[in-house]
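Q: The structure under discussion is supplied below as structure tokens; questions concerning it will follow.
Residue numbers (my numbering), protein chains in the order written: chain A, 8 to 685; chain B, 8 to 685.
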């Protein structure tokens, strides 16, 4: 066991981190590997569409794998292109041509070590169906030896494979000469060359008819591969992390290995591409379904394994990826088990967005509230404290506590900090707007007066609502000003998931920015997350206790009753109640009636009247409907939970804002339809 | 022919416009119709997800059709739900349950007149594949008699059918008892009941192997239906208008009718849902491929036809829908033929977005430039001049001409108008920001100085770039203030397609708004469009000639060379050249090398050096790459051209911003991969 440990550690040291390893140690590895059956799992982090960058990374691992004499080196799905690449391959076919040329170049540098490299394969122009296959090339001895093509194409949530990809009718390795067109006659001839490996791509292994109750596809590529009795299954994947997904994946892969009495080598992409964060955690299961090896989570790694000899190393998963077998069926405030995964998912999401877009610095408003606080901590950890600038931008409403909390936080984190009052801007803007409003009112009023009955909605009095938004927009004006003025610097949108559901965020204000780190984290989870950050980061208790204890509020308006800034829960509803509605709608697709009729966790310790409950649930659907627009213009964010409102994950027409979520009774339907309709 | 004319006109008067028609005239229609073979084409405009609204509309036409004794009344695809409904049906299954209940209600009110009603059909829970079918119910004599299910599911461009819809393996009418699960055994039993009608849904008729060179699907439902020798083909569609699409559709439908010697009745949805504008133009082709009837474009209509007796009426298409057979293969500045279609597409897009979301009024900045001018005209026509408010918001850079052009335009259009200077806001904001910048610079400079070599990008001097954006954002602050203050009023984002490609629009500034009417119209087309509006609207020459003649510029900065506001073409490149790049990339998927090597229309009358051309093409790809982010946060807009950058039509990862569009030579690839890579 000690030898195996050393083997992987050394390999990783040299291959992933470029550290110098003494020649005699490398020679030692080479001797062990020469016994045969050793496979390198190259868990890489590609940049979408940057083929040269990806190819160089792939070439490095191919060369090292050859140098020490591995049987095979395996890369993730679409390793050469990055996943997802989306519609780019349709509009800019030049990048597909480039990926073929780099693939041929990679083939040339291969030796006796087989390399499995994911790429976009153009089909022949006259072929029926979509333009491309999502393929894996089998490279060996300087040539493309064969091609494996993806059969099952996910098109739910963040996946859009089916847009430009044709499902492969065949499984297993097909002849390379058919590149660009599928040749039914010769499939199995070539397959024999690699028959000891049952190679598939991502979704291809997610359709076992025994394991899953519900099947999205008829075909089961693994079942088909199993009929050829391979020695080892290999699956090249790009599978993003989502809450509750890891345990399912573990169980499924273990089940497949055991069922077919065949080890399975699963190599997953790591890194984030826009809104999707991939956890890596590539792994090997033995023929008995036992976990043999698992690469690190949220890090690039090169891991050497021998699936038949059960040689490998199991790196720990981030807590939260280790969830228990019981899938969460009800809402709970017990977030602890998912917080490390949440942290790593978002950190990677921020880091890769900055790196891949070429940004270095971030600027954000520090209000002393929970949202901006958690964002500041995550940014400091993701891009470095010296690259983060927090600005406290008090108005006439901002409390002394808020300002000092913000400053204390910045000090604890060691980020840059300054205070800049927005009062002059508010005064000037309000003055200008008041004059403008009078003119608008006069002109429109005249029209409305002469059209009484047609327009029942009259302009409101000059309202605090408008004043609230002026504050939020003035702050954004400051942040975007800094972004414009200083190179490679973007403002951060600090909106959280609960408030986005309620549309409780200002357009061109706090929901504006270049990136939105916590847009998929509900408020109650953020509270738990803040405590977790205080307990688990190297610097303990960076977040002042006061920030976690105080009730969230936008500090945009004064409550006339208390004379203090309005508390968000008064304007919305208790976050615990709100977050349970969100959870149930997203995870269980529960509707209005069911929400109304079943008990909430909140109710267990806060008895509420039926009227109160109805009011909150009504408010949820009403506000959610008008928030659809805001979701559509939210900046890129990290998808964290198992379901989200990220626009690349969930789409609903904005013009569907008048859906009746309550439903109606049959008697109502009949009475309506029996009427004389004109 | 006169009778037929009268028949349709009267029907439309009563059915679409609710006008009173004397009883004896109705009786006359009833007598004609009693001869049999008459079909009502109900070209309706549904609201996505608003099932009660849609059901009432459908019920009205079912009742009228029964009243006059039509054989059948046909509605568009997904008439009860609206198309597209997107992921809403997955997250909120309650609306699917509701659409089934309303469907059953509609069945109850049917008599001997068959009604074809599009709806979302849930499949049995244990069925393999997706959750739903996209179906058409055959209603008659108070019952659901059978179901037709869509087989071919488009998933390109704005279409996402495949996300939640299972392709139907069978064609034709299937038994209603199988609702929720497909029963292979009993398919043809029921089909006999309606064998005289070969019913299909939208994309099902778009895969003829003779007509199209390229086939997206193997199956051809029309070919299968033809084997049953129906008397009439019926196709229920929701097919949005795109440039160059109409002629293809005409030819294809005519081809199908002729090939199978069977008339075809094609009923298309009308109206806009978010970014997609559906033109209606429902039609009938005779067995000889001749056009017999065509409903109005961009209007709801009820049209009575008799396909076998060739009875119908052909309403004119909007010019532009009537394009010649020759598909445009090269870029041209001859926009004339597409301008009426463009006008109607956008007008409908604006009108329906406002109506379906519940907005009544719009406010926009009038700069005296082309973009805001065209937007103002379109808004006045779409929602009524009294509901539009134009605000001229001059800064220190704004010329006298710009202000007077804006005022003159507003006067000509009869929209509300006022002037509000942004100078106080600019002065205050600039003052506040300068102080803030100094602090930021000091703090970050200190860090950079101690990290020389790591960070090469130093903060710029306080720059005019930032000042430009302050102006644009101050204006948006005014417009959103008005939106916050006055009910049902949204600001308009006036960005055009050419400038969006170049990222030549300010975040939280001119690209911010509730709706973006001209985001898919390139600048050179806008010039032609302005002239067209002046010539073709009832009020001639509403747009002052000066606005059309002057060179576009954002008037945000002064050109130090001329002392006048900077002209956009100087900052970018000639619009004619830019628009040709856009056209070629979108329509021909041309890459960098091909653009460089082939002649542009612009070059025919403006000889340019190779260096100049290279510079512009380089600039295009560079600026486009960094504009990807802006596309992702653009408000809803109308898709107009055959290809767009609308985020629901085209998706590219923002982190793919470093794609090398130029490609590299094989020698380069080999030299890179042969290097020692570490």
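All C-beta atoms, glycine included, are put in the ideal place defined by N, C-alpha and C.
#1: How far does the alpha helix (DSSP H) with residue 501/A in it reach, from first residue to last?
#2: Along the chain, which unbroken stretches of the beta strand (DSSP E) at least 3 residues long are found entirely within the region 256-334 of chain B?
#3: Taking 8 Å as the CB-CB cut-off, is residue 226/B touching chain A?
#4: Measuring alpha carbon to alpha carbon, tell me which of 615/A, 625/A, 69/A and 86/A ends up nearest residue 4/A.
#5: Going by C-alpha to C-alpha distance, which of 204/B, 223/B and 261/B sits closest to residue 237/B?
#6: Taking the alpha carbon of residue 418/A as the reference point, which residue from 433/A, 289/A, 588/A and 373/A has its own alpha carbon closest?
#7: Nearest chain B C-beta to residue 425/A closer than 8 Å, yes or no?
#8: Let me know if residue 547/A comes out buried or exposed under the rule of 16 or more other beta-carbons within 10 Å of its beta-carbon.
#9: Please name the residue, chosen from 532/B, 494/B, 98/B and 88/B, that lies closest to residue 108/B on a Cα-to-Cα basis.
#10: Got a sec? Which residues, its chain only, sit under 6 Å from residue 161/A by beta carbon, not counting five neighbours each side?
#11: Within 10 Å of its beta-carbon, does residue 343/B have 16 or more other beta-carbons around it, so buried, or fewer, so exposed?
#12: Using the beta-carbon of each residue, which ones in chain B are nearer than 8 Å to residue 129/A?
#13: Under the DSSP definition of a beta bridge, which residues are partnered with residue 424/B?
#14: Under 8 Å, do residue 105/B and residue 58/B count as touching if we go by C-beta distance?
#15: Runs of 4 residues minimum, wholly inside the region 8-84 of chain B: which ones carry the alpha helix (DSSP H) assignment?
#16: Do residue 655/A and residue 692/A have their beta-carbon atoms positioned less than 8 Å apart in this structure?
#17: Residue 667/A: which of 630/A, 657/A and 650/A sits nearest, CA to CA?
#18: Let me make sure I understand the geometry here. Which of 305/A, 545/A, 325/A and 298/A has the alpha-carbon closest to that of residue 275/A?
#19: Determine the extent of the beta strand (DSSP E) in which residue 682/B is found, giving its start and end residues.
#20: In whole angstroms, what is the alpha-carbon distance linking residue 261/A and residue 285/A?
#21: Which residues of chain A have a Cβ atom closer than 8 Å to the Cβ of residue 640/B, listed in chain order?
#22: Straight-line CA distance for residue 580/A to residue 623/A?
#23: Any chance the region 631-650 of chain A sits against the region 349-362 of chain A, with 3 or more Cβ pairs inside 8 Å?
#24: Against chain B, with Cβ distances strictly below 8 Å, would residue 677/A count as a contact?
#25: Pairing CB atoms from the region 109-125 of chain B with CB atoms from the region 68-83 of chain B, are three or more of them under 8 Å?
#26: Whole angstroms are fine: how far does the CA of residue 287/B sit from the CA of residue 249/B?
#27: Indicate the three-state DSSP secondary structure (helix, strand or coil) for residue 337/A in the structure shown.
#28: Hey, which unbroken runs of the beta strand (DSSP E) at 3 residues or more fall wholly within the region 76-133 of chain A?
#29: In chain order, what are the residue ranges of uninterrupted alpha helix (DSSP H) at least 4 long that sit wholly in the region 606-635 of chain A?
#30: Which residues bound the alpha helix (DSSP H) around residue 348/B?
#31: Taking Cβ-Cβ distances below 7 Å as the criterion, which residues of the region 261-295 of chain A are in contact with chain B?
#32: Can you tell me the Cα-Cα spacing of residue 718/A and residue 527/A, whole angstroms?
#33: Does DSSP put residue 494/B in a helix, in a strand, or in coil?
#34: Quick check: is any heavy atom of the ligand COA less than 7 Å from the C-beta of residue 47/B?
#35: Residue 209/A lies in the alpha helix (DSSP H); which residues open and close that run?
#36: With distances taken Cα to Cα, identify the nearest neighbour of residue 586/B among 367/B, 617/B, 609/B and 391/B.
A: So, from the listed chains and residues:
#1: Looking at the DSSP string, residue 501/A is not in any alpha helix (DSSP H), and its letter there is neither H nor E.
#2: 271-275, 277-280, 283-286, 290-292, 298-301 and 308-312
#3: Chain A, which has no Cβ nearer than 8 Å to the Cβ of residue 226/B, makes this no.
#4: Chain A is shown only over 8 to 685; residue 4/A falls outside these bounds and no answer can be derived.
#5: Measuring from the Cα of residue 237/B, the nearest candidate turns out to be 204/B.
#6: 373/A
#7: Interface annotation, residue 425/A: in contact with chain B, CB-CB separation under 8 Å.
#8: exposed
#9: 88/B
#10: 168 and 210
#11: Residue 343/B counts as exposed, since fewer than 16 other beta carbons sit within 10 angstroms of its beta carbon.
#12: Per Cβ cutoff of 8 Å: no residues; residue 129/A is ~12 Å from chain B at best.
#13: 397/B
#14: yes
#15: Unbroken alpha helix (DSSP H) runs of no fewer than 4 residues, entirely contained in the region 8-84 of chain B, are found at 9-24, 30-40 and 58-75, following chain order.
#16: The question about residue 692/A has no answer, for chain A in this structure spans 8 to 685.
#17: 630/A
#18: For the residues 305/A, 545/A, 325/A and 298/A, the minimum Cα distance to residue 275/A belongs to 305/A.
#19: Unbroken run through residue 682/B: none, as it is neither H nor E.
#20: 20 Å
#21: 640, 641 and 642
#22: For residue 580/A and residue 623/A, the distance between alpha carbons rounds to 6 Å.
#23: yes
#24: yes
#25: Counting Cβ pairs under 8 Å, three or more are found: they touch.
#26: 12 Å
#27: coil
#28: Here the runs fully enclosed are 79-81 and 121-129.
#29: Qualifying alpha helix (DSSP H) stretches, in chain order: 608-612.
#30: That run of the alpha helix (DSSP H) goes 346-364.
#31: 280 and 281
#32: This structure cannot settle anything about residue 718/A, because the visible part of chain A is limited to 8 through 685.
#33: Coil at residue 494/B, not helix or strand.
#34: The model depicted lacks the ligand COA and carries no ligand whatsoever.
#35: Taken as a continuous stretch (DSSP letters only), residue 209/A belongs to no alpha helix (DSSP H), as it is neither H nor E.
#36: 609/B
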